[in-house]
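Colleague:
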Amino acid sequence: MSSLASKDYDLHGRTDSYRVATVPSQFDDNKTVDGKPKTRRKAPSSISTKYSHAENLDELKQDPYLDYHKVPLDELYQRFGTHPGTGLTHAKARENLERDGPNTLTPPITTPEWIKFTKQIFGGFSVLLWCGALLCFLAHTAETSTTEDPNDDYFYLGVVLVAVVIITGIFSYYQQAKSSAIVDSFRNLVPQIYLGSSLIAVIIVTGFLSYCRQYNQGEIIRSFYETTSQFAVVIRQGESLTLRAEDLTLGDIVELKFGDRIPADLRIIESHSFKVDNSSLTGESEPQSRTPEFTHDDPLETKNFAFSSTHAVEGTAKGVVIACGDNTVMGRIAGLASSLDSRPTPIAREIIRFVNFVNITAIIIGILLFIIALMMGCYWLDAIIFMIGFLVAAVPEGLLATVTVCLTLTAKRMASKNCLVKNLEAVETLGSTSTICSDKTGTLTQNRMTVAHMWFDNQIIEADTTEDQSGVQYDRSSPGFRALARIATLCNRAEFKAGQDGVPTLKKEVNGDASESALLKCMTLALGDVMSIRRRNRKVCEIPFNSTNKYQVSIHETEDPSDSRYSRYLLVMKGAPERVLDRCSTIFIGGKEKVLDEEMREAFNNAYLELGGLGERVLGFCDMLLSPDRFPKNFLFDVDEPNFPLSGMRFVGLMSMIDPPRAAVPDAVAKCRSAGIKVIMVTGDHPITAKAIAKSVGIISEGNETVEDISQRLNIPISEVNPRDANAAVVHGSELLDLPPEVLDEILRYHKEIVFARTSPQQKLIIVEGCQRIGGVVAVTGDGVNDSPALKKADIGVAMGISGSDVSKEAADMILLDDNFASIVTGIEEGRLVFDNLKKSITYTLSSNVPQLLPFIAFIMLSIPLPIGAIAILCIDLGTDMMPGISLAFEPGESNLMKKKPTIKNPLFNVRLISVAFCQLGVIEAFAGFFTYFVIMAENGFMPYKLIGIRREWDSRAVNDLPDSYNQEWTYQDRKSLEYTCHTGFFIAIVVVQWANLIICKTRRNSIAHQGMRNMALNFSLIFETVLALFLCYLPGMDEALRMYPLKWTWWIPPIPFMLALFIYDEVRKFYIRRNPGGWLEKETYY
């Protein structure tokens, strides 16, 4: 792929944000080149400002100055004004601290929680409701000042609207939450919503939790604080002092030992077997040795740097501080992670768009209708009252609450499937995921190195690592295997942890590195108690593995009389196969020692290449029985200056290891492919290993070739291969440095199967940006500190619950409790289900808005008595409709959700959904309401023709003799009692038709006969809304409290024909959609 890159491309100008995290910028020491202080020093920068401006970000993306790992130590000391023996003087240290500030991460400027909460209270639908509440209070004030006996209804309605505004604000605040600081608070505090719970309890508890769980990006910074060291041993003015890490400054000489956390970025000046654990920073699982020698141009790769927040795991060292606080690699990652703006999730974008649409439309129509009312001769106070009702009817007050509770319930269900969701919006976003950038180790694989193959007696044999050893394909008594097993057992520092009696061998925890742990478990399964073998062959001395020699040697006493070549000492060696072979002169084949000639070397090379081609880590093994004459009992072996032979040994064989794929991953990848989701592997492993694992789990399908494969097959240079002829691609991480964004976009767009190998975790960020540039909704997995920027940038950041760092968990939207890729796919399936169910729930909820709006329009345009009041509307939106809307979250899928393509181009709120909810279902409900209204009026003497144009006299307190169609005279109080009865009748009509609406909303395509009534939550909600309607209608006192008057039982009958019509209409519509897939009806009405 590197051939695609433009060599003349200017890296400085491109948006490769990952470089902000991986490459420290040049540190300005505020001195001139001759070491004198600058006349104007550079002020210390803070994360909150340094990373918030584009020009500063561009500056950070420049190629690094960093030559601190290259310059001679004397020059380095001179630059910092320090000495390796005495360190800084106290005066110099104070000067540096005053200039640069403490060695801490600068907290971001944060918005107080009360301000963010207040913004939510006055945002979204709350704008309209505040307007309605203010109009209510205005109307009440005006009526109080002009009437001796004012009506308090408007005041109480205003109070109710304020309460609704606060509740809506709480849920809006909940919806806007971007991250959670305490994962356990979600797991333990989010309530299980019992279907019989009171609606108010649900709202209050959920609202309270939403406030408690809202934390800003500063929580990520605070999690970084936890990774920094608190104390350090420092040499100042010749004294060894224990100081707080925040008091360190540039040029300080720091002493380190096993167990310490590195307090700042250091240049190592002395070391004694010093190793650090960089896993929290880079994801490297193996301890990394650190020495004073410069070994690599890349400052992150050189061995003479130790980075802040990493741990010392072995030996001792001394280093000079070269970067503090925000300028450390950790500080830069923290700043980038906290400053990156995550894209709004699809559901957030949809809700914002819908809220803006409703607000603007309601305000415009409300103002127009207010003007029309005035033009038609309405008193201004009546026109205001009309506007109040219209605004209340226009706002689907329960919609955001319903969406939030649906997401909460789905999140609880996902938690039981090992997917812990921190950001509720992520639940739905998962359903829209089109690309997954996945780690290999621990996510696609088991994170457990396992012996896969062995080569001895000139044969490659597949190892059997099952507990019962039922698949053994070799003779364990053969001399070749016994010799190989003996070396693997003795030249091995791994040991099982104590207290694991009865635990299966493969599940036992081991003290030791991954490769030696795999050898230990393999040998235990094959030989039994390896510790007894070690006791019989006591270790005398050892040369540990190091990156220079690439081998490990140990010498053991051996007292095995059955050994025909009995000797006092046995030398065993394992390591890089080519290095081990170079130290051998013979090879053990078929129980005989043979000269290592060219034929045997060719056999070795073939085996080595074959095992390496499988992506396995290969080790070579050899031994030597030391002569008792030269090495008698109690001989003193010297490992520093070896006084024993390290050549002329006997080569025994090879063993190869691999981190095997998780059993469920191939099926999960296949599910993703059938669902139209691209799975991209991003790993730090060698391309050969990465490609082998990708093939074994199906990320690279059988038969699909890379450019390299085509080149090899056709025996032509890679440059002559058209990249678009390759369906698969394996991209080396180093190529990203020279790859223009448009070329990366082309790779991502045209290659169906992609593996990024030898890629640092930080480089995921540029890959994520590329995927998003081409329109993808991206999920990213990560476990290290350096993964946090990519996790934050992704549409869905997925952290590992077992192996993940606290920082990565803070930056993520979701945490896999079992670190298993298959759990991501489960989450996507749940996300798609909740997307479908949210559409159903929204359709159900919005349908009742039409019969709420039309009465107010008819009230003005036809001048009829108001068919339904604002209080009845709130009883629908926050009462009878809430539980049914929530119950649709429990509806099972209509079909195999993982057979559909991602829903990127199918927004949650679309024209078809609005059309079905408002123009079809809502209109039928409105007819039911008006029919019931006119029936009740007619039975009381007011025929429909009589009602038109009667509003002014009807609402006049001065008219107490208004005749009906039969010339019966009605007083004002009697008329209002009849009007409130009609409000209740209209309310009941909507509830009755909503029975059918709820049932038809169970499916978008299937017939209800096929779907069935298995959703017990929905069945319960039908009973619940009916009981609630009865309660509001017939409970004594409701006529005074809510203006809900009791109805005659016969008035429940008028809406029933409309309920049946709604059910039949929708079943016929779905029948024709199923019968003519892709036809006109589906295009226009399938939401």
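Numbering (the UniProt record's numbering), first residue to last: 1 to 1087. Note that beta-carbon positions come from the ideal geometry of N, C-alpha and C, so glycine has one too. As the structure is a computational prediction, the values presented were derived from the model and not from experiment.
1) Please state whether DSSP places Met-814 in a helix, a strand or coil.
2) Assuming the contact rule is C-beta atoms closer than 8 Å, Val-164 and Leu-1035 should be a hit. Round their C-beta distance to whole Å, please.
3) Please identify the residue among Thr-86, Glu-1082, Ala-93 and Leu-138 whose C-alpha is closest to the C-alpha of Gly-238.
4) Between the alpha carbons of Cys-1001 and Ala-415, how many angstroms are there, rounded?
5) Are any of the Cβ atoms in chain D nearer than 7 Å to that of Val-233?
6) Would you say the segment 431–440 touches the segment 811–829, given that touching needs at least three Cβ pairs under 8 Å?
7) Output the boundary residues of the alpha helix (DSSP H) element that contains Tyr-1065.
8) What's the call for Ala-928, buried or exposed, on a 16-neighbour Cβ count within 10 Å?
9) Put Arg-244 into one of helix, strand or coil per three-state DSSP.
10) Once you ignore the five residues that flank Glu-397 on each side, which residues in its own chain have a CB closer than 6 Å to its CB?
11) Considering only C-alpha positions, which residue in the set Ser-965, Ser-808 and Asp-955 is nearest to Ala-938?
12) Quick one: measure Cβ to Cβ for Ile-693 and Pro-645, integer angstroms, because I've assumed they're closer than 8 Å.
13) For a minimum of 3 consecutive residues, which ranges assigned as the beta strand (DSSP E) are wholly contained in the segment 601–627?
14) If I measure Cβ to Cβ from Phe-386 and keep anything under 8 Å in the same chain, skipping five residues before and after, which residues do I get?
15) Is the beta carbon of Arg-267 less than 7 Å from the beta carbon of Asn-304?
16) Among Lys-440, Leu-105 and Met-600, which one has its Cα closest to the Cα of Val-697?
17) Kindly list the residues whose CB is nearer than 7 Å to the CB of Ala-133, restricted to its own chain and excluding five residues on each side of it in sequence; keep chain order.
18) Could you pull the start and end residues of the alpha helix (DSSP H) that Cys-541 belongs to?
19) Taking His-751 as part of the beta strand (DSSP E), name the residues at either end of that continuous run.
20) According to the Cβ coordinates, are Ala-926 and Ser-847 closer than 7 Å?
21) Using only the alpha-carbon positions, how far apart do Gly-804 and Leu-736 sit?
22) Classify Ala-663: buried if its beta carbon has 16 or more other beta carbons within 10 angstroms, exposed otherwise.
23) Between Asp-298 and Asp-67, what straight-line distance do the alpha-carbon atoms span, to the nearest angstrom?
24) Count the other CB atoms, across all protein chains shown, that sit within 10 Å of the CB of Arg-476; report buried if there are 16 or more and exposed otherwise.
25) Is it buried or exposed for Gly-335, if we count other Cβ within 10 angstroms and need 16 for buried?
26) Determine the burial state of Lys-793: buried for a count of at least 16 other Cβ atoms within 10 Å of its Cβ, exposed for fewer.
27) Given 8 Å as the limit, is there contact between the segment 830–841 and the segment 948–967, that is, 3 or more CB pairs closer than that?
28) Relative to the alpha-carbon of Ile-676, which residue among Ser-432, Ile-587 and Val-1068 has its alpha-carbon at the smallest distance?
29) Would you grab the beta carbon distance between Asp-277 and Thr-310 for me? Rounded to a whole angstrom, and I think it's under 8 Å.
30) How long is the line joining the alpha carbons of Leu-816 and Val-618, rounded to whole angstroms?
31) Find out if the Cβ-Cβ distance for the pair Leu-587, Phe-651 is shorter than 7 Å.
32) Entirely within the segment 458–492 and at least 4 residues each: give me those alpha helix (DSSP H) ranges in chain order.
33) Ignoring anything shorter than 4 residues or poking outside the segment 685–744, list the alpha helix (DSSP H) runs there in chain order.
34) Can you tell me whether Val-778 is buried or exposed, with buried defined as 16 or more other CB within 10 angstroms of its CB?
35) Label Met-523 either buried or exposed according to how many other C-beta atoms from any shown protein chain fall within 10 Å of its C-beta, with 16 as the threshold for buried.
36) Between Leu-791 and Pro-884, is the Cβ-Cβ spacing less than 7 Å?
Modeller: So, to answer that:
1) strand
2) Actually they are not in contact, since the Cβ atoms of Val-164 and Leu-1035 sit about 21 Å apart, beyond 8 Å.
3) Thr-86
4) 27 Å
5) Note that chain D does not occur in the displayed structure, where there is just one protein chain.
6) yes
7) 1056–1075
8) buried
9) strand
10) Val-164, Asp-877 and Leu-878
11) Ser-965
12) With 8 Å as the limit, Ile-693 and Pro-645 do not qualify as a contact, their Cβ atoms being about 39 Å apart.
13) 617–626
14) Leu-369, Phe-370, Ala-373, Cys-378, Phe-856, Phe-859 and Ile-860
15) yes
16) Lys-440
17) Gly-158, Leu-161, Val-162 and Val-165
18) Element bounds for Cys-541: not the alpha helix (DSSP H) but the beta strand (DSSP E), 539–543.
19) It is not in any beta strand (DSSP E) - His-751 carries neither H nor E in the DSSP assignment.
20) no
21) 25 Å
22) exposed
23) 10 Å
24) exposed
25) buried
26) buried
27) no
28) It should be pointed out that residue 676 corresponds to Gly in this sequence rather than to Ile. For Gly-676, the nearest C-alpha among the options comes from Ser-432.
29) 6 Å
30) 31 Å
31) The sequence as given places Ile at residue 587; Leu does not occur at that position. Going by C-beta atoms, Ile-587 is nearer than 7 Å to Phe-651.
32) 479–490
33) 687–697 and 707–714
34) buried
35) buried
36) no
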